[in-house]
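Chemist:
In this note's numbering, the protein residues as written are 11 to 256.
1) For the beta strand (DSSP E) that contains residue 28, what are its first and last residues?
2) Does the beta-carbon distance from residue 41 to residue 145 come in below 8 Å?
3) What distance in whole Å lies between the Cβ atoms of residue 127 and residue 102, which are believed to be in contact at a cut-off of 8 Å?
4) For residue 120 and residue 43, what's the separation of their Cα atoms in angstroms?
5) Quick one: what does DSSP say residue 257 is sitting in, helix, strand or coil?
6) Should the region 153-160 be regarded as contacting the region 197-217, the criterion being three or more beta carbon pairs within less than 8 Å?
7) Exposed or buried, what is residue 4 when buried is set at 16 or more other beta-carbons lying within 10 Å of its beta-carbon?
8) Should residue 114 and residue 122 be called a contact, given that it needs their Cβ atoms to be closer than 8 Å?
9) Less than 8 Å between the C-beta atoms of residue 140 and residue 47, yes or no?
10) So, helix, strand or coil for residue 132, using DSSP?
11) When the Cβ atoms of the region 243-256 are set against those of the region 90-105, are three or more pairs found closer than 8 Å?
12) Would you call the CB atoms of residue 242 and residue 226 closer than 8 Å?
13) Hey, residue 66 and residue 45: beta-carbon distance below 8 Å or not?
14) If you compare alpha carbons, which of 92, 204, 63 is closest to residue 136?
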């Protein structure tokens, strides 16, 4: 029952002894996927005490330190006059690092980290940075507008009952021009299937994503007004977007 807190010590003991600790990469270029962001300033705060925006997320690899010059990609996404997409990264400096309520001087992979920056709080309020990738300036992967993936579909839909109560519905093959939801890191974006051949597919993303070849992705399809997981895949290559430098 919630609130009783029975057997939590047993669960913790099981996690510590039975689940292996994942191997962490401390030496790679730091990379943090943003899963939430907020403005920590109170309404009517004095100008002298205004603080920059805060991004929260998990470090995938590397070590972030207070004082590091960082970059967020894809940053601010705009449409150009010819209908193309332009990405302008957000540059800043780390002014503080937090885990729970602990003030850190550096942060390593594992657990959730709050990164205090000098970014305009308007850009970070109400989770506006979700899906961005934070890393050292000039060291982040490319942004893609279109990806080519190798994919694997589930045999049956998970958690969907058929009307006659029989076995769960089968997952249909991907069809050209259908719209899927694609999850890459913490980004959930729409994707239009441009081509399918065997276990390969080419998908046009509705918004650019900062990622790299070999990254795992999840595919979902609209079934009865709900998005349902239908399979997963791996990015083979993609069409890169030109990054607008400062």
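Cβ coordinates follow ideal geometry from the N, Cα and C atoms, glycine included.
All figures in this text were calculated on a predicted structure; none of them were measured in a lab.
Modeler: Let's see:
1) Where residue 28 is concerned, there is no enclosing beta strand (DSSP E), although the alpha helix (DSSP H) it sits in stretches over 18-28.
2) yes
3) 4 Å
4) 12 Å
5) This structure does not reach residue 257, given that the chain is present from 11 up to 256, and the question cannot be answered.
6) yes
7) Nothing can be reported for residue 4, as the shown portion of the chain is limited to 11 through 256.
8) Result no, Cβ atoms of residue 114 and residue 122 do not sit closer than 8 Å.
9) yes
10) helix
11) yes
12) yes
13) For residue 66 and residue 45, yes; Cβs fall inside 8 Å.
14) 63
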